[in-house]
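K.L.:
Take the sequence shown: its position 183, counting from 1, is numbered 182 in numbering that gives the first Met the number 0, and each next residue is one higher.
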Amino acid sequence: MPDTTLPRERQQLILGRLQRDGKVVAADLAQEFKVSEDSIRRDLRDLASQGLCRRVYGGALLAPHVAPLGERHNERVELKRNLGRIAASLVGENQILFLDAGSTNTALAKALPDHRGLTVVTNAPDVALAVLGRPGFDVVLLGGKLDPRIGGAIGSRTLRQAQDIRADFCFPGVCAIDPRSGLWTIDEEETMFKQAIIEASGETVAIATPDKLVASATHHTAPITAMTHLVVASDTEQATLDAYKAAGVAVHL
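Following this line, the structure appears as structure tokens:
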């Protein structure tokens with residue numbers, strides 16, 4: 000017997016599945032609700048248009064929730080401090096670094112050692128303030144319109160300035176990362192900025208808290224082959240670590 004659930008009610012049930020499982024398969028939903036896969040695909044399109052999911056082949060993934068930067072600074076503080084310390088150990092002397100906006104990169108900036116002749120190029124005031132005035136640092140703050148959710152400048156002006164610089168390392172903020180498809184970002188303009196600093200840098204370091212290893216995001220930013228290093232928590236599953244190593248990424252715990 001066909002399901003008499005109204006489309007809006009069905010979409011709420013699908014959203015509940017996404018929030019519970021993180022993903023849904025269109026064929027399974029069609030069978031469960033006794034409707035066509037076309038109907039389910041329309042439901043997923045509607046949910047995606049509201050930013051509630053990301054459509055993928057055969058189904059959808061839950062869209063990540065991004066808290067304001069001020070809140071993120073107070074989440075997993077000790078873990079981010081440790082991740083930042085490990086990432087900072089990769090940096091040598093007299094190098095130019097692109098540091099993207101984000102609470103983990105602010106922790107990295109605080110962990111960078113003094114007296115190393117480092118130049119920090121950033122679109123984020125928080126990152127700039129973490130090194131400003133410390134011995135051995137030059138700071139370049141990229142201009143443009145500040146996005147309060149991201150905590151940094153994005154847009155065409157910021158992008159043009161980033162494209163005029165060449166760096167030894169870049170540290171793009173991570174919204175989601177996968178060993179098969181690479182780096183993903185939520186915002187389109189932010190994606191373009193991350194792509195620009197990756198293109199302009201010799202090595203790219205992704206720092207990922209555990210939630211970023213299972214998250215999904217809307218815009219594909221870079222293939223996994225563009226990542227030189229990955230810094231993750233020491234309790235990350237071995238199978239996950241092996242997948243990144245097999246993709247040629249140097250993993251640091």
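Even glycine gets a Cβ: it sits at the ideal position worked out from N, Cα and C.
In terms of alpha-carbon separation, which member of Q10, Y56, R75 lies closest to Q49?
P.N.:
That would be Q10, whose Cα lies nearest to the Cα of Q49.
K.L.:
Taking L145 as the reference, which of E188, G116, G132, V55 has the closest Cα?
P.N.:
For L145, the nearest C-alpha among the options comes from E188.
K.L.:
May I have the straight-line CA-CA distance separating A100 from A127, to the nearest angstrom?
P.N.:
Their backbone Cα atoms lie some 10 Å apart in a straight line.
K.L.:
With distance defined between alpha-carbon atoms, name the residue in P209, T103, R40 nearest to P6.
P.N.:
When each option's Cα is compared against that of P6, the closest is R40.
K.L.:
Need the endpoints of the beta strand (DSSP E) that R176 sits in, please.
P.N.:
A small correction: the amino acid at residue 176 is Ile; Arg does not occupy that position in the sequence shown. Counting along the chain, the beta strand (DSSP E) containing I176 begins and ends at 175-177.
K.L.:
Do the region 75-93 and the region 215-230 meet, that is, are 3 or more Cβ pairs less than 8 Å apart?
P.N.:
Result yes; three or more Cβ-Cβ pairs closer than 8 Å.
K.L.:
Less than 8 Å between the beta carbons of Q162 and A195, yes or no?
P.N.:
Against a cut-off of 8 Å, the Cβ pair of A195 and Q162 comes out as a contact.
K.L.:
Where DSSP assigns a beta bridge to E251, which residues make up the other side?
P.N.:
The residue asked about is misnamed: residue 251 is His in this sequence, not Glu. According to DSSP, H251 bridges with V230.
K.L.:
Can you name, in chain order, every residue of its own chain whose Cβ lies under 7 Å from the Cβ of T103, other than the five neighbours on each side?
P.N.:
Within the same chain, T103 has close Cβ partners K79, L82, G83, I206, T208.
K.L.:
Note down, in chain order, each residue of its chain lying with its Cβ closer than 6 Å to the Cβ of E236, except the 5 sequence neighbours on either side.
P.N.:
Closer than 6 Å at the Cβ level, and outside the excluded window around E236, lies no residue.
K.L.:
Quick check on the DSSP output: what are the complete alpha helix (DSSP H) runs of length 4 or more inside the region 135-220, in order along the chain?
P.N.:
155-162, 187-198, all fully within the region 135-220.
K.L.:
Look at the alpha carbon of D234 and the alpha carbon of L252, and state the distance between them as a whole number of angstroms.
P.N.:
Spanning the two alpha carbons is a distance of roughly 8 Å.
K.L.:
For S180, tell me which candidate among V24, S38, V213, G15 has the shortest Cα-Cα distance.
P.N.:
Comparing Cα positions, the closest option is V213.
K.L.:
Does the CB of D99 have a neighbour CB from chain B at under 8 Å?
P.N.:
No chain B is part of this structure, which consists of one protein chain only.
K.L.:
Under 8 Å, do G154 and G143 count as touching if we go by C-beta distance?
P.N.:
In this structure, G143 lies closer than 8 Å to G154 by Cβ.
K.L.:
Taking only three categories from DSSP, how would you classify T235?
P.N.:
Three-state result, T235: coil.
K.L.:
Using 8 Å as the threshold, is the C-beta distance between I185 and C174 below it?
P.N.:
Yes, they are a contact pair.
K.L.:
Under 8 Å between the Cβ atoms of A249 and S200?
P.N.:
Cβ distance not < 8 Å, so A249 and S200 don't count as in contact.
K.L.:
Where do the ends of the beta strand (DSSP E) carrying T118 lie?
P.N.:
Start and end: 117-121.
K.L.:
Given a cut-off of 8 Å on the beta-carbon distance, is the pair L98 and L107 in contact?
P.N.:
The answer is yes: Cβ separation under 8 Å.
K.L.:
Taking the beta carbon of T220 as the centre, do at least 16 other beta carbons fall within 10 Å, making it buried, or is it exposed?
P.N.:
It counts as buried.
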